[in-house]
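Data first, discussion second: the structure below is written as structure tokens.
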């Protein structure tokens, strides 16, 4: 058959089917599926971009280069060629002396463009409230924290000497977006203009200085620059983004992004099931036309090409219309939740706008095309014998195409091909096992129904007459329910984890530089104020020198956490018990032998440290060796003290040390902090309350995102139900008309329909519970990095929920069947 003739024939079939309503159901299913998928993709993208933009304030840019040298000019030229903005800061410690008082301050010199993300907040002389700074300090002026004024006895407007230069203290610094956790950042902060740095003459050869270059711009440009820059990094240089530099924020963002991506795929699965069922009805209703075409000389390939062409004629406009509808839906949702978010939502990226219709076509091809080969097997003799149908289709072909489609869509959120393969193969095995059990149960039903009431026999015999279709519907309902349940269960666990991560009493202040002689008095003061600390830890400053006699710098990969840890003094501590948020992954906690050490898991992996390794540290010029006794996983996202190295008790007791703790001060009790500073003038109080509020604001956005996306999954799930019921509407109409003609009354038929759909839903619920537990366990451990959780309630709730929802919705969908006169139906048949 010539291509032009085949296309004209496909066009005529499409027009006829459209006028006759044949393609209406398929188009509606595709429209709903693509709209739900597009709305989810677009809204998720906007929320993800908003969260990342908001979180980028923690590092004052989209990407930061940390180094011990000034950035080469050609690197800045490359960034400028990609349209990226650039800002720079230089951080170093310096001793400040005023009014016969001494203070080690953390000096930060910033360029005019600082910060690229977020804002610096200050308070001017005579002002009560803090305000955005709107720039950087003018030449000859500095902004300082209140601790500088308190310790040195200064006031706003006074002079402050930094190195060889004098500056006027212009404002009180209340917030800087990229405050880090190293020694320089924890010291009382002084911010100055980068142009004034040479006048201080502080930076000399050999000075310990950190250079930070921040970049911001379009996502694609940032990614290209990061890929260009990474192979050019030298030892001691690192690229930081919010996922790496701020683990307390990055972990939440990673989990949220993976959840949104995974739920999007779940919605694709639900939509695919709905489209597949509608496509199946399409193939059944075109058996007669196909037989006639074969009698007129059409080959199998001609038949397949014609119907694929018809589907594309429906699919392309359906995908475009569904994408447009999805855009409008997500825009309406964005407006409705605007008041719940602290920031305006970012606009969707071009990639998401183009991806939505493409995903619609992928869904159509992956789930609507597999039933079409059934038409190729329709015998031409069906023109004379209507009882002849096609040979049974290849289940493995349809399942294979569906699995490949899901694999392609899962790779992006999961980022792990092995994990995707395991989930899909496990899901396919679950379906195969359940299908085998279901087939056996349906074969056993006639024996179980012999002494049942008539209404039960009518309802369940309806399943038996369409046993193959019933199996497909049960699996379709089960997959849809499983997708919704997986999204719901993971969402609950994520929100619960974030609430545990950020409880109401999470520490918002850290106290550093406590002396041993002050500990008892400090504890008593906190107890008097009813403030509970997270534990007091001794801190010994030291550097890791070697691992099993090998220089540690030779073992550290370039641009790694290990390299960054070796470039600075580590906070070494010891503890009798395992700190909260830590978990032993190898080895065991202390055996009672001194000079044993427990190492953080990721650092150990990067340096090749294992149980029994000998580590050597430089502590104040003295070498200290210890044997590795355990390796720990650490919750870096917890806002409590965490350590790379924890020594066994009394291992470092002869070394000079200070103490560190954290505690929560409720709002409105700032006098507690003032009293602490007066009672312990040598301590450093680090206020992380602003950081905590910003972090909780991001979690609010993340929680809203997962709840909205879960709503999309529920809506998409009901499309499966109505699509499946509509697929058998005409057959039900004829059967019920015949039963009514033989004397069956309407209440009997209604009850039998309710029983039929309730049993379908009950069996689908069992499948959904099994699939949720299997896939959920993998999603928790491999995708979300959470401990797998068992959900016994699913095995009761899912079958009952399936029986009620499918029973009620199915009964409502076929309500018109018993309303049509049997006489009209039988007359149409004749």
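Residue numbers (the working numbering): -17 to 812.
Built from N, CA and C at the ideal position, the CB exists for glycine as well.
So, residue 518 versus residue 504, is the Cβ gap smaller than 9 Å? In this structure, residue 518 lies near residue 504, with their beta-carbon atoms less than 9 Å apart.
Residue from 488, 260, 304, 255 whose Cα sits closest to the Cα of residue 387: Comparing Cα-Cα distances from residue 387 to each of 488, 260, 304, 255, the minimum goes to 255.
Cβ pair residue 153, residue 142 closer than 9 Å: Taking C-beta atoms as the reference points, residue 153 and residue 142 fail to come closer than 9 Å.
Assign residue 574 to buried or exposed, taking buried as 16 or more other Cβ atoms, counted over all protein chains shown, within 10 Å of its Cβ. When all chains shown are included, residue 574 counts as exposed.
For residue 165, collect the residues of the same chain with a Cβ closer than 6 Å to its Cβ; drop the 5 residues on either side in sequence, then sort them by chain order. Caution applies to residue 165, whose pLDDT of 45 falls short of 50 and renders its modelled position unreliable; the model cannot decide the point.
Indicate whether residue 112 and residue 99 have their beta-carbon atoms separated by less than 9 Å. Residue 99 is positioned such that its CB atom lies no closer than 9 Å to that of residue 112.
Starting from residue 634 and walking both ways along the beta strand (DSSP E), at which residues does that stretch end? Segment: none, residue 634 is in no beta strand (DSSP E) and carries neither H nor E.
Between which two residues does the beta strand (DSSP E) containing residue 125 stretch? It spans 123 to 126 - the beta strand (DSSP E) in which residue 125 sits, taken as one unbroken run.
Looking only at C-alpha atoms, which of 494, 733, 773, 758 sits nearest to residue 662? Proximity to residue 662 across 494, 733, 773, 758 peaks at 494, based on C-alpha coordinates.
Are residue 10 and residue 338 close, meaning C-beta to C-beta below 9 Å? No, they are not a contact pair.
Terminal residues of the alpha helix (DSSP H) in which residue 437 lies: Counted as a single uninterrupted DSSP element, the alpha helix (DSSP H) harbouring residue 437 occupies residues 436 to 447.
Mind checking which residues open and close the alpha helix (DSSP H) that includes residue 655? First-last of the alpha helix (DSSP H) with residue 655: 652 to 661.
CB contact flag (residue 753, residue 644, <9 Å): Not in contact: residue 753 and residue 644 (Cβ atoms no closer than 9 Å).
Any idea which residues DSSP pairs residue 820 with across the strands? No statement about residue 820 is possible, as the shown extent of the chain runs from -17 to 812 and does not include it.
When you compare the CB positions of residue 576 and residue 623, do they come within less than 9 Å of one another, or not? No, these two residues do not count as a Cβ contact at 9 Å.
Enumerated in chain order, which unbroken segments of the beta strand (DSSP E) with a length of 3 residues or greater are wholly contained in the stretch 47 to 103? Taking 3 residues as the minimum length, the beta strand (DSSP E) runs contained wholly in the stretch 47 to 103 are 67 to 80, 83 to 92, in order along the chain.
Assuming residue 270 is part of the alpha helix (DSSP H), what are its boundary residues? According to the DSSP assignment, residue 270 belongs to the alpha helix (DSSP H) that extends over 269 to 277.
What does DSSP give as the partner residues of residue 172 in its beta bridges? Per DSSP, 89, 126.
Taking C-beta to C-beta, are residue 24 and residue 330 nearer than 9 Å? In this structure, residue 330 lies closer than 9 Å to residue 24 by Cβ.
Can you tell me whether DSSP reads residue 151 as helix, strand or coil? Strand.
Taking all protein chains shown into account, do 16 or more other C-beta atoms lie within 10 angstroms of the C-beta of residue 269, making it buried, or fewer, making it exposed? Buried, because 16 or more other Cβ atoms sit within 10 Å of the Cβ of residue 269.
Within 10 angstroms of the Cβ of residue 324, are there 16 or more other Cβ atoms? Answer buried if so, exposed if not. Its pLDDT being 48, under 50, residue 324 is placed unreliably by the model, and the measurement read from it follows with that caveat. Classification of residue 324: exposed, given that the 10 Å Cβ count is below 16.
Run of the alpha helix (DSSP H) containing residue 596, from where it starts to where it stops: Unbroken run through residue 596 is the beta strand (DSSP E), 596 to 601; no alpha helix (DSSP H).
Indicate the three-state DSSP secondary structure (helix, strand or coil) for residue 10 in the structure shown. Annotated three-state conformation of residue 10 is helix, per DSSP.
If you check the beta carbons only, do residue 783 and residue 758 fall under 9 Å apart? Contact annotation: residue 783 and residue 758 have beta-carbon atoms that are not nearer than 9 Å.
Does DSSP put residue 296 in a helix, in a strand, or in coil? Residue 296 falls in the helix class under three-state DSSP.
Using the beta-carbon count (16 or more within 10 Å), is residue 471 buried or exposed? By the 10 Å Cβ count, residue 471 comes out buried.
Quick one: give me the first and last residue of the beta strand (DSSP E) that residue 40 is part of. Premise fails: residue 40 is in no beta strand (DSSP E) and is neither H nor E.
Contact check, residue 39 vs residue 119, beta carbons under 9 Å: No, the pair does not count as a contact, with Cβ atoms beyond the cut-off.
I need the boundaries of the alpha helix (DSSP H) containing residue 556, first residue and last residue. Looking at the DSSP string, residue 556 is not in any alpha helix (DSSP H); the run it does join, the beta strand (DSSP E), is 552 to 556.
Kindly indicate the opening and closing residues of the alpha helix (DSSP H) around residue 604. That residue, residue 604, is in no alpha helix (DSSP H); its beta strand (DSSP E) goes 604 to 616.
Just how far apart, CA to CA, sit residue 814 and residue 512? This structure cannot settle anything about residue 814, because the visible part of the chain is limited to -17 through 812.
Hey, how far is the Cα of residue 435 from the Cα of residue 774? Straight through space, the alpha carbons of residue 774 and residue 435 are spaced by roughly 33 Å.
Among the candidates 22, 197, 534, whose CA atom is the shortest distance from the CA of residue 310? Closest option to residue 310, Cα to Cα, is 22.
Where residue 792 sits in the DSSP three-state scheme: In the structure shown, the three-state DSSP call for residue 792 is helix.
Have a look at residue 160 and residue 313 and give me their C-alpha separation to the nearest angstrom. Their Cα atoms are separated by approximately 32 Å.
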